[in-house]
Structures are given as structure tokens and as C-alpha cells.
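So the structure is just underneath, and the comments pick up after that.
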């Protein structure tokens with residue numbers, strides 16, 4: 001069950017042109033929280049200090065693991081779903097204020113940048129010169145962060161979107177490519193070609209990418225490896241750990257630990 005995500009103060013105008021950067025901290029309670037699909041003029045960095053956030057944009061699902069951020073350009077429709085007990089930050093940036101990509105992407109967040117975001121989100125404006133210095137430093141450092149590849153491409157092609165939405169609702173669904181093809185009235189070979197054409201991935205790799213996104217989100221929220229393995233439909237914990245390690249280079253516990261220690265550098269592709 002999800003509840004609406006609430007900002008820490010009312011009447012927040014994220015598109016206020018007088019503020020090149022607006023940073024907001026949000027602590028999520030014990031229930032998952034959601035910001036429905038919306039858009040705004042300013043670009044937005046979604047940063048998770050604890051827990052995880054999944055961002056949906058027209059072209060894909062983007063995971064915000066701890067110590068990483070997802071950059072969403074201005075005027076792009078998006079929604080955010082945060083795990084229970086997450087601590088997240090939204091940083092809204094005026095168009096042209098920083099040399100940031102014109103596409104959605106996942107960024108590593110360095111320890112310096114992390115502390116800048118935390119400082120700017122405390123809402124205290126008692127030292128304007130200091131705040132301006134912090135803002136300039138943030139806008140200088142953010143474009144320097146490495147771009148990651150942890151996302152699930154979603155095509156606007158209606159049959160693939162139908163499959164993606166079904167798998168997002170039930171990631172444990174182990175239906176074969178042939179079974180999915182039958183559901184969307186295609187031959188198995190036609191569906192295989194369509195997935196590659198629209199996403200750049202084979203069907204198996206595409207579904208595995210979804211599993212990785214769900215796994216990291218749930219593990220970051222405190223779920224056990226055994227629980228995540230079962231929720232994703234793996235026959236054994238060993239099979240899940242093997243998949244995870246093959247895809248990301250480390251077993252789940254070491255992977256998340258390295259992210260926390262290195263400020264997200266474990267996600268660099």
C-alpha cells in the first residue's frame with residue numbers, strides 16, 4: 001500500500017525562478033510513498049541517503065539506490081515511489097544553471113556532494129553568502145559525477161509496455177518468451193526481435209534488469225536476500241546470488257556495502 005509523498009512544508013514552489021537550486025529532505029514513514037506522474041520546469045535530482053526510490057519516465061524505470069541519484073531534466077513527466085523508511089532528497093535546479101544531461105540518467109553522488117545536498121536541504125537561510133557558495137559548489141560538482149547504467153528501458157510500443165507493466169506488478173512471473181508472445185499476439189521470434197529493437201536488450205537480459213532494480217530497491221529497504229529471492233521467483237537463494245554477482249560483480253551484501261562506503265562508485269558501468 002502506498003501513501004502520497006508529502007513535502008516538509010506547504011506551498012513549496014519548486015519552479016521559483018529566483019532560486020537556482022531548491023533542496024528538500026523527505027523522511028518516509030513505515031509505508032511506501034508515491035509522487036504521481038507530474039512535471040515541472042526545473043530539472044530534478046532524486047537522491048537517496050537511505051532506502052531506495054524508483055523513478056518512472058516515459059522511456060524507462062530508473063532506480064535510485066542509496067548514495068546515488070537520478071537526474072530528471074526539466075519538463076519531463078515522471079513519478080517517484082520511495083521504499084518504507086527511506087530518507088530522500090529532491091534537488092530542483094533551474095534550467096541552464098549547470099551543465100547537466102538533457103536525458104534521464106543515474107549519477108554517482110560523492111561524499112562532498114552528499115554533504116552539500118544535506119546542508120542545503122536544512123531550510124536555514126541565516127547566511128546568504130554561505131548558501132550561495134554551497135549552491136555554486138553543488139552546481140559545479142554535480143556535472144562531474146559519473147553516469148551509471150542501472151535502469152530498465154521501456155518502449156512506447158504498446159505490447160512491450162504491457163509486458164513491462166505486468167512484470168513490474170509481478171516480477172516473480174517466470175512466463176517464457178513464447179508465453180508472452182502468445183499473450184500479445186506475436187510469434188516468439190517476432191517478440192524477440194521487437195524487444196531487441198526497442199530496448200537494445202534480449203528479453204532475458206531485459207527481465208533480469210528489472211529483477212536487479214527490484215532487488216536493490218528491496219534490499220536497500222531492509223529486506224533479506226532470502227525474501228527478495230523468493231519474491232522474484234528464484235528457485236533458490238544461491239541462484240539469485242549467482243545472477244546478482246554475475247550482473248554486478250559482487251554478491252548483494254558486499255555490493256550494497258561497497259556503495260555505502262564509496263559514495264556510489266560501485267555502480268559505475
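Residue numbers (UniProt numbering): 1 to 269.
Using N, Cα and C, we set each Cβ at its ideal position, and we do this for glycine too.
Opposing strand residues paired with residue 50 [DSSP bridges]: Counted from its first residue, the chain shown places residue 50 at position 50. 87, per the DSSP bridge assignment.
Residue environment, residue 238, which counts as buried when at least 16 other CB atoms sit within 10 Å: For the purposes of this step, residue 238 is taken as the residue at position 238 of the chain shown. Only exposed fits residue 238, as fewer than 16 other CB atoms lie within 10 angstroms of its CB.
Span separating the alpha-carbon of residue 44 from that of residue 72: On the chain shown, position 44 is the one that residue 44 refers to. On the chain shown, position 72 is the one that residue 72 refers to. Rounded to whole angstroms, residue 44 and residue 72 show a C-alpha spacing of 5 Å.
Distance between beta carbons of residue 105 and residue 76, contact taken as under 8 Å: Sequence index remark: in the chain shown, residue 76 carries index 76 (1-based). Sequence index remark: in the chain shown, residue 105 carries index 105 (1-based). Wrong, their Cβ atoms sit about 12 Å apart, outside the cutoff.
C-alpha distance - residue 67 paired with residue 114, whole-angstrom precision: To locate residue 67, count along the chain shown from 1; it is residue 67. To locate residue 114, count along the chain shown from 1; it is residue 114. Between residue 67 and residue 114, the alpha-carbon positions lie close to 8 Å from each other.
Cβ-based burial, residue 133 [other Cβ within 10 Å; buried from 16]: Numbered from 1 along the chain shown, position 133 holds the residue referred to as residue 133. Exposed: under 16 other Cβ atoms inside 10 Å.
Given residue 153 as reference, the closest of 136, 199, 121 once Cα atoms are compared: Stepping through the chain shown from its first residue, residue 153 is reached at position 153. Nearest neighbour of residue 153 by Cα position, chosen from 136, 199, 121, turns out to be 199.
Where residue 218 falls, given that 16 or more other Cβ within 10 Å makes a residue buried: Looking up residue 218 in the chain shown gives position 218. Result: buried.
Distance between beta carbons of residue 174 and residue 270, contact taken as under 8 Å: In this structure the chain extends from 1 to 269, so residue 270 is not present and cannot be described.
Cβ-heavy atom distance, residue 177 to the ligand SAM, below 8 Å: For the ligand SAM, the structure offers nothing, since it holds no ligand at all.
Residue 186 to residue 37 span [Cα, whole Å]: Numbered from 1 along the chain shown, position 186 holds the residue referred to as residue 186. Numbered from 1 along the chain shown, position 37 holds the residue referred to as residue 37. About 30 Å.
Distance CB(residue 49)-CB(residue 55) smaller than 9 Å: As a first step, residue 49 is located in the chain shown; it is residue number 49 there, counting from the start. As a first step, residue 55 is located in the chain shown; it is residue number 55 there, counting from the start. No, they are not a contact pair.
Inter-residue Cα distance where the pair is residue 145 and residue 216: For the purposes of this step, residue 145 is taken as residue 145 along the chain shown, with counting starting at 1. For the purposes of this step, residue 216 is taken as residue 216 along the chain shown, with counting starting at 1. Residue 145 and residue 216 have their alpha carbons spaced roughly 21 Å apart.
Residue interval of the beta strand (DSSP E) (run including residue 118): Working through the chain shown from its first residue, we reach residue 118 at position 118. That residue, residue 118, is in no beta strand (DSSP E); its alpha helix (DSSP H) goes 111 to 120.
Uninterrupted alpha helix (DSSP H) stretches inside the stretch 178 to 264 (no shorter than 4 residues): If only uninterrupted alpha helix (DSSP H) runs of at least 4 residues are considered, those enclosed by the stretch 178 to 264 are 188 to 199, 203 to 220, 225 to 231, 237 to 248, 252 to 262.
Residue of 107, 29, 92 minimising C-alpha distance to residue 18: In the chain shown, residue 18 corresponds to position 18, counting from 1. Closest in C-alpha terms to residue 18, from the list 107, 29, 92, comes 92.
Alpha-carbon spacing of residue 241 relative to residue 251, whole angstroms: Position 241 of the chain shown, counting from 1, holds the residue named residue 241. Position 251 of the chain shown, counting from 1, holds the residue named residue 251. The straight-line gap from Cα to Cα measures roughly 6 Å.
Residue 120 to residue 69 span [Cα, whole Å]: Position 120 of the chain shown, counted from the first residue, corresponds to residue 120. Position 69 of the chain shown, counted from the first residue, corresponds to residue 69. Distance between the alpha carbons of residue 120 and residue 69: 16 Å.
Host alpha helix (DSSP H) of residue 163 (start-end): Counting from one through the chain shown, the residue named residue 163 turns up at place 163. Element bounds for residue 163: 158 to 169.
Residue 82 and residue 23 closer than 9 Å at C-beta: Your numbering for residue 82 matches position 82 in the chain shown. Your numbering for residue 23 matches position 23 in the chain shown. The answer is no: Cβ separation not under 9 Å.
For residue 15, three-class secondary structure by DSSP: Along the chain shown, read from residue 1 onward, the residue named residue 15 stands at position 15. In the structure shown, residue 15 adopts coil according to DSSP, grouped into three states.
Run of the alpha helix (DSSP H) containing residue 138, from where it starts to where it stops: As a working note, residue 138 is residue 138 in the chain shown. Segment 128 to 141, the alpha helix (DSSP H) holding residue 138.
Nearest residue (CA-CA) to residue 20, options 94, 88, 12, 85: Position 20 of the chain shown, counting from 1, holds the residue named residue 20. Relative to the Cα of residue 20, the nearest Cα in the group 94, 88, 12, 85 belongs to 94.
Assigned secondary structure, residue 144 (DSSP; H/G/I helix, E/B strand, else coil): By 1-based counting over the chain shown, the position of residue 144 is 144. Three-state DSSP puts residue 144 in a helix.
Among 194, 85, 236, the one whose alpha carbon lies nearest that of residue 177: Here residue 177 refers to the residue found at position 177 of the chain shown. Taking residue 177 as reference, the option from 194, 85, 236 with the minimal CA-CA separation is 194.
Reference residue 107; option with closest CA among 122, 80, 151: Residue numbering aside, residue 107 sits at position 107 when the chain shown is read from its first letter. The shortest Cα separation from residue 107 among 122, 80, 151 belongs to 151.
Per-residue burial, residue 253 [other beta carbons within 10 Å of its own, 16 or more giving buried]: One-based indexing of the chain shown puts residue 253 at position 253. The residue in question, residue 253, is exposed, as its Cβ has fewer than 16 Cβ neighbours within 10 Å.
Range of the contiguous beta strand (DSSP E) that encloses residue 96: Taking the chain shown and counting its residues from 1, the one referred to as residue 96 is at position 96. Counting along the chain, no beta strand (DSSP E) covers residue 96, and no H or E run does either.
Cutoff 8 Å; reference residue 57; Cβ partners in own chain excluding five residues on either side: For the purposes of this step, residue 57 is taken as residue 57 along the chain shown, with counting starting at 1. 72, 76, 77, 78, 104.
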